Every structure is written in C-alpha cells, then in structure tokens.
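**Student:** Per the working numbering, the sequence shown runs over residues 1437 to 1906.
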Amino acid sequence: MNFLMEKILRVEPQVKQIYLLVRAQDSDSAKQRVQSEVIGKELFKVLKEEHGKGYNKFMEEKISPIAGDVIYENLGIEGSQVENLFNEIDIIVNNAATTNFYERYDVSLDVNTLGAKHVLEFAKKCVNLKMLLHVSTAYVAGLQEGLIQEKPLKMGATLNGSSNLDIESELRLIEETKRDLQLSETDSLKSTDKLERTAMKELGIKRARKFGWPNTYVFTKALGEMVLGHMRGDVPLVIIRPTIITSLYKEPLPGWMEGIRTIDSFILGFAKGNLSCYLADLKEIMDVIPGDMVVNAMIASIVMHSGEDAETVYHTSSSMRNPVRFVTFEQSGYRYFRENPRVGKDGNTIGFKRVHFFNSVSAFKAYMTLRYKLPLEALHIVNMLLCGRFSHRYNEFSRRYRYIMHLVDLYAPYTFFRGRFDDMNLQRLRLAIEKDPTDAQLFCFDPKIIDWSNYFYRTHIPGVLKFLPK
C-alpha cells in the first residue's frame, strides 16, 4: 500500500529500512517496478519537495525491493537474502490481495488464503518479530444484518450454518475440476484455457455462496483470516478490516487513490454517460472510509500492539461513528456533473441525466426489459435484415445494457447492505492516541470530522476523475 509507505517515510524518516515484496522475475525487475509504481508517483510529492534533489537517493536508501510472491513458501525469496530478512525484519504488513469479486477461485485462494498462510509462516521465522499486521476487509462478514462485532473468525465456521468448510478440500476440488476439464475434448489449447478460466470463476462464486459469502473475494479473505487465527501460535497479530476505502481525505494529496473501488464505478459511469439507472436503496447507509484514515489506524495499531501475544481485530469504518447514506453520494454526484459537464474525445459535451434508482429487484428488472432487452432483440432482427446497417447502434446499446447489469451483479448486495460495523476496539485505540495532541493530529482516523457531502463533491469525485482514468 503506497499510502502506508508514504506516511511512514514522511513522519518517521529515521525508519531503518522498508523491505517491499514485489512480484517480479528478479531484483532488477523489482527495482524497476518500484521506481515506476512507487517512487515516481505523484502521491510522494510532499517527500519530493522536502528532499529536493536528494529525493531519489533517500527513497533508494529506505526502500529495498525484494522479488517474490506470497503464493510461494518463504514468499518466493531465495538464497542468502531470505536468511538476512529473518534477522532484520521486526514488523510485517500483509496487504497482498486480489480484490476482484469474481476472480478465478484457484488464483483467489492462492493469494488471499494461502498467501496469508505463507506470510504467517515467514513471520514465525523472523527472530525479532514484534507484529504481523494483516489487512483484510470488513465484508468477510458477508451480508449479515445488525451489529457486526470486531471478533476473529473461527476456522471452518460458515455464515449460513453449512458444514464441511475445509481449505484442503477446497484445494482438492480445484484440482479435480481442472483435471476433469483437461480430460474433456477441446479443439485447441486456447479453448481449454478459456474453459478453465470460466470454470474457475464459476466455481469460486458457487463455493462462496454455498457457505454464505456473496463473492469469491470476501470468501477467500475470510478463509485467510481463519488460517491466521488458527495457526498464529504466539505471533502478535492485528487484523485491520476496512470497509470501502475511498480517496485520501487530507494528506498528502487529497483525492488521490489507486484502483477502482465499489462506488468509483458509478462515478466513472456518470462521467461517461453510461449509467442511466441502478438498483439501490438510497436510504441505506454506505460504509466508506478515506485511505489516509485507514493508514493512520494501521500505524496506531503497530505502536499500541507491538510485542503483544494476542490477536486483535479493528474495523476501520464509518457506519457507527459518522454514517452517510447513498442519497448523499447520489446528490453530490448529480451536483458535481451538473456544474462540471464532461467533454468527450470528440470535443462535444457528454450529455448527463440524473440516474434513476430502483429500490426493488422486480421494478428494476421490468425497467431493464422494457428499456433495453426488448429493444435490443428488435434491433438485432432489424440489423440482420438490413445486412448490419445498425451494427454500431446495436453494439453501443448492448454495451450500455451489459455495463449496467455487470455493475448490478457486482455491487447490488452492498447497496442493500444492512449491517453496521462495531468499532469499539478502534474507538479505544483512538482514545489512546488522542492522549497526545500531536499524535492525535498526525494520525487522525476519526470519520466524525468528515462532512461527507463536501468530501464527495470537492475531494473524492474530482480525485476519481483525475487519477483513475489514467
């Protein structure tokens, strides 16, 4: 997480070394990735200004790229280098994850579940280890309603009372599925790969929903937490569970972000004129938290829990402390695009209409059938009769239909989410940090200070449009 590295290097420049595990073939490739994906980022502009011409030298001295991957034992680090790390490292932060809701099941298990196991096994070999900090997600709770507590997950426990949740069995199921596909007749290697990719994605969703989770991502992250809690021994373990992480609220660059999060797909859909309707209850609470507040909570937890023989869970969330409803987000988006119309590649202003929200599945399906599905079927027939004269129009209309249905398939469970994330553990951590006024200001993670309407309009939406399309 670039947020975390930037904060550490800015407020604690005397830190001895940050070893950064990078997926790369060798050390030279790892260094190149860090140069382009970390050191060269606009996020680090405050550090650049502070260090001037010495910026690159400072960063190269503090950040040591390590070629490796969490899907392997010893994190894929080979030779004498790994022994040196066992003696040097005292704090480990595991933020490695594949966050694709519909990732291949084998890939998601490798990274989110077995990756956590490999990080823990590595941590146990570090002779000076003070803590393992694992970044998870609050939505390992699935779609529970009511108050969701900051408690560890028990190995094998499901959300719907199903039995037989066993990681080894899941791994065997993956191998059996792949083997069956290989034995089936296919025309080419390319078609085999495509079949396997589709089968793995479908298997992930099927297994997740069998045990009560809505998608592959949160299911495999939950399994990762179970592994850590079950195998940690005496390793000091802190699990941070953020809700939906949004752009930086305050520092060092308000609005900056990496990677599309749940609500950002809506913003980009607004901006491109692709989103005319959606399935959501605007009265429901959306639980979002700016990235810099997540990082501040992570650093505070490292300070408070280093060396403790315990497992502690923190929800970094806003639904209890300063809840915001979807209607606030919708109104902010409408206001922003009305006052800041977008211009397309052709130089023309992109038409913008207020998105129509449906709060029931039946009404939404009826609208999509009348507005898109039936016209698409009719247009398809006409296009065939006229030898493709309306192909462009049909493809554009079809693309919009698929885009809306894709967003609904991905995110609708969260636009009707009725759980609230208890943050009493985080509140105690906040009160401990606030005993020192300097620390309270430097490491603020209290969502109470946020005016959500102003934040969405002036910070988050402009940030998404500035940083994500690139």
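The beta-carbon is built from N, C-alpha and C at its ideal position, and this holds for glycine as well.
Keep in mind that this is a model prediction, so the values were computed, not measured.
Specify the secondary structure class of Ile-1680 as computed by DSSP and reduced to three states.
**Tutor:** Reading the sequence shown from its first residue, position 244 is the one you call residue 1680. It is a strand residue.
**Student:** Which one of Gly-1640, Leu-1569, Ile-1699, Arg-1615 has the shortest CA to CA distance from Val-1900?
**Tutor:** Translated into positions along the sequence shown, residue 1900 becomes position 464. Nearest option by C-alpha distance: Ile-1699.
**Student:** Mind checking who Ala-1503 pairs with in its DSSP beta bridge?
**Tutor:** Residue 1503 sits at position 67 when you count from the first residue of the sequence shown. According to DSSP, which records beta bridges pairwise, Ala-1503 is partnered with Val-1458.
**Student:** Answer with buried or exposed for Pro-1777, where buried requires no fewer than 16 other C-beta atoms within 10 angstroms of its C-beta.
**Tutor:** Walking along the sequence shown from the start, residue 1777 turns up at place 341. Counting Cβ neighbours within 10 Å, Pro-1777 comes out exposed, since fewer than 16 surround it.
**Student:** Am I right that Ile-1725 and Arg-1761 are in contact with their C-beta atoms under 8 Å? What's the rounded C-beta distance?
**Tutor:** Counting from 1 along the sequence shown, the entry for residue 1725 is found at position 289. Counting from 1 along the sequence shown, the entry for residue 1761 is found at position 325. About 15 Å; that fails the 8 Å criterion.
**Student:** Can you check DSSP and say which residues form a bridge with Asn-1530?
**Tutor:** To locate residue 1530, count along the sequence shown from 1; it is residue 94. Asn-1530 pairs with His-1570.
**Student:** Which residues in the same chain as Pro-1759 place their Cβ atom closer than 7 Å to its Cβ, once the five residues preceding and following it in sequence are excluded?
**Tutor:** In the sequence shown, counting from the first residue as 1, residue 1759 sits at position 323. Here the set comprises Ile-1721.
**Student:** Have a look at Glu-1448, Ile-1507, Ala-1577 and flag the residue whose alpha-carbon is nearest the alpha-carbon of Asp-1858.
**Tutor:** What you label residue 1858 is simply residue 422 of the sequence shown in a count that begins at 1. Residue Ala-1577 is the option with its Cα nearest to Asp-1858.
**Student:** Buried or exposed: where does Gly-1640 fall if 16 or more other Cβ atoms within 10 Å of its Cβ makes it buried?
**Tutor:** Within the sequence shown, the letter at position 204 stands for residue 1640. The residue in question, Gly-1640, is buried, as its Cβ has 16 or more Cβ neighbours within 10 Å.
**Student:** At which residue ranges does the stretch 1716-1745 contain complete alpha helix (DSSP H) runs of 4 or more residues, listed in the order of the chain?
**Tutor:** Those alpha helix (DSSP H) runs which fall completely within the stretch 1716-1745 and span 4+ residues are 1727-1741.
**Student:** For Phe-1879, which residues in the same chain have their Cβ closer than 7 Å to its Cβ, ignoring the five residues on either side in sequence?
**Tutor:** As a first step, residue 1879 must be located in the sequence shown, where it is residue number 443. So the qualifying residues of the chain are Asn-1732, Ile-1735, Ala-1736, Ile-1869.
**Student:** Tell me, to the nearest whole angstrom, how far the beta carbon of Thr-1752 is from that of Ser-1889; I am working on the premise that it is less than 8 Å.
**Tutor:** As a first step, residue 1752 is located in the sequence shown; it is residue number 316 there, counting from the start. As a first step, residue 1889 is located in the sequence shown; it is residue number 453 there, counting from the start. That belief does not hold up - the Cβ atoms of Thr-1752 and Ser-1889 are roughly 21 Å apart, past 8 Å.
**Student:** Just how far apart, CA to CA, sit Lys-1590 and Tyr-1850?
**Tutor:** Numbered from 1 along the sequence shown, position 154 holds the residue referred to as residue 1590. Numbered from 1 along the sequence shown, position 414 holds the residue referred to as residue 1850. So the alpha carbons of these two residues sit roughly 24 Å apart.
**Student:** Which residue's Cα is closest to the Cα of Lys-1789: Asp-1629, His-1816, Lys-1708?
**Tutor:** Here residue 1789 refers to the residue found at position 353 when the sequence shown is read from its first residue. Here the closest residue by C-alpha is Lys-1708.
**Student:** With a threshold of 6 Å on Cβ separation, who are the neighbours of Lys-1561 within its own chain once the five nearest residues in sequence on each side are excluded?
**Tutor:** Taking the sequence shown and counting its residues from 1, one reaches residue 1561 at position 125. Same-chain partners within the cutoff: Phe-1522.
**Student:** With a threshold of 6 Å on Cβ separation, who are the neighbours of Phe-1773 within its own chain once the five nearest residues in sequence on each side are excluded?
**Tutor:** As a working note, residue 1773 is residue 337 in the sequence shown. Once the five neighbours on either side are set aside, the close Cβ partners of Phe-1773 are Phe-1706, Phe-1788.
**Student:** Less than 6 Å between C-beta atoms, sequence neighbours within five positions excluded: which residues of the same chain meet that for Leu-1545?
**Tutor:** By one-based count along the sequence shown, residue 1545 stands at place 109. Cβ neighbours of Leu-1545 beyond the five flanking positions: Thr-1656.
**Student:** Beta-carbon separation of Arg-1633 and Arg-1540 under 8 Å?
**Tutor:** By 1-based counting over the sequence shown, the position of residue 1633 is 197. By 1-based counting over the sequence shown, the position of residue 1540 is 104. Yes, they are a contact pair.
**Student:** Go ahead and label Pro-1873 buried or exposed: buried means 16 or more other beta carbons lie within 10 angstroms of its beta carbon, across all protein chains shown.
**Tutor:** As a first step, residue 1873 is located in the sequence shown; it is residue number 437 there, counting from the start. Under this definition Pro-1873 is an exposed residue.
**Student:** Starting from Val-1763 and walking both ways along the beta strand (DSSP E), at which residues does that stretch end?
**Tutor:** Translated into positions along the sequence shown, residue 1763 becomes position 327. Here Val-1763 belongs to no beta strand (DSSP E); instead the alpha helix (DSSP H) covers 1762-1775.
**Student:** Near Phe-1537, which residues of its chain fall below 7 Å by C-beta distance, leaving aside the five closest residues on each side in sequence?
**Tutor:** Numbered from 1 along the sequence shown, position 101 holds the residue referred to as residue 1537. If we look at Phe-1537 and ignore the five residues flanking it on each side, its Cβ neighbours are Asn-1651, Thr-1652, Tyr-1653, Leu-1846.
**Student:** Is the Cβ-Cβ distance between Ala-1920 and Gln-1471 less than 8 Å?
**Tutor:** As displayed, the chain neither begins before 1437 nor continues past 1906, which places residue 1920 out of reach and without an answer.
**Student:** State the Cα-Cα distance for the pair Glu-1832 and Leu-1865, rounded to the nearest angstrom.
**Tutor:** For the purposes of this step, residue 1832 is taken as the residue at position 396 of the sequence shown. For the purposes of this step, residue 1865 is taken as the residue at position 429 of the sequence shown. Using only the alpha carbons, I get a separation of about 51 Å.
**Student:** Can you give me the C-alpha to C-alpha distance between Tyr-1519 and Gln-1767, rounded to a whole angstrom?
**Tutor:** The residue labelled residue 1519 in the question sits at position 83 within the sequence shown. The residue labelled residue 1767 in the question sits at position 331 within the sequence shown. The sequence given here has Glu at residue 1519, not Tyr. Distance between the alpha carbons of Glu-1519 and Gln-1767: 55 Å.
**Student:** Name the two residues that bound the continuous beta strand (DSSP E) containing Thr-1748.
**Tutor:** Here residue 1748 refers to the residue found at position 312 when the sequence shown is read from its first residue. From DSSP, the beta strand (DSSP E) with Thr-1748 extends over 1747-1752.
**Student:** Measuring CA to CA, which of Ser-1755, Tyr-1891, Ala-1876 is closest to Gly-1582?
**Tutor:** Counted from its first residue, the sequence shown places residue 1582 at position 146. It is Ser-1755.
**Student:** Cα-Cα, which of Lys-1871, Ala-1658, Gln-1468 is closest to Thr-1549?
**Tutor:** Reading the sequence shown from its first residue, position 113 is the one you call residue 1549. Thr-1549 has its Cα closest to that of Ala-1658, out of Lys-1871, Ala-1658, Gln-1468.
**Student:** Only counting the same chain, and skipping five residues up and downstream in sequence, which positions put a Cβ closer than 8 Å to that of His-1842?
**Tutor:** Translated into the one-based positions of the sequence shown, residue 1842 becomes position 406. Same-chain partners within the cutoff: there are none.
**Student:** Can you tell me whether DSSP reads Leu-1846 as helix, strand or coil?
**Tutor:** For this step, residue 1846 is matched to residue 410 along the sequence shown. Looking at Leu-1846 - three-state DSSP - the assignment turns out to be helix.
**Student:** Are Leu-1815 and Arg-1829 closer than 8 Å when you measure CB to CB?
**Tutor:** Numbered from 1 along the sequence shown, position 379 holds the residue referred to as residue 1815. Numbered from 1 along the sequence shown, position 393 holds the residue referred to as residue 1829. A contact, by the Cβ cut-off of 8 Å.
**Student:** For Phe-1793, which residues from the same chain have a beta carbon less than 6 Å from its beta carbon, with the 5 sequence-adjacent residues on both sides left out?
**Tutor:** If you number the sequence shown from 1, residue 1793 lands on position 357. Once the five neighbours on either side are set aside, the close Cβ partners of Phe-1793 are Tyr-1714, Ala-1716, Leu-1718.
**Student:** Nearest to Asp-1723 by alpha carbon, out of Arg-1757, Trp-1692, Gly-1695, Thr-1613?
**Tutor:** In the sequence shown, residue 1723 corresponds to position 287, counting from 1. Measuring from the Cα of Asp-1723, the nearest candidate turns out to be Arg-1757.
**Student:** Using C-beta distances below 6 Å, list every residue in its chain close to Tyr-1808, excluding the 5 sequence neighbours before and after it, in chain order.
**Tutor:** Within the sequence shown, the letter at position 372 stands for residue 1808. Contacts found: Tyr-1837.
**Student:** With a CB to CB cut of under 8 Å and the five nearest residues on each side skipped, what residues in its chain are close to Leu-1812?
**Tutor:** By one-based count along the sequence shown, residue 1812 stands at place 376. Contacts found: Tyr-1830, Phe-1833, Ser-1834, Tyr-1837.
**Student:** Val-1470 by DSSP, collapsed to three states: which one?
**Tutor:** Residue numbering aside, residue 1470 sits at position 34 when the sequence shown is read from its first letter. Here Val-1470 sits in helix by DSSP.
**Student:** Where do the ends of the alpha helix (DSSP H) carrying Arg-1446 lie?
**Tutor:** Stepping through the sequence shown from its first residue, residue 1446 is reached at position 10. Segment 1438-1447, the alpha helix (DSSP H) holding Arg-1446.
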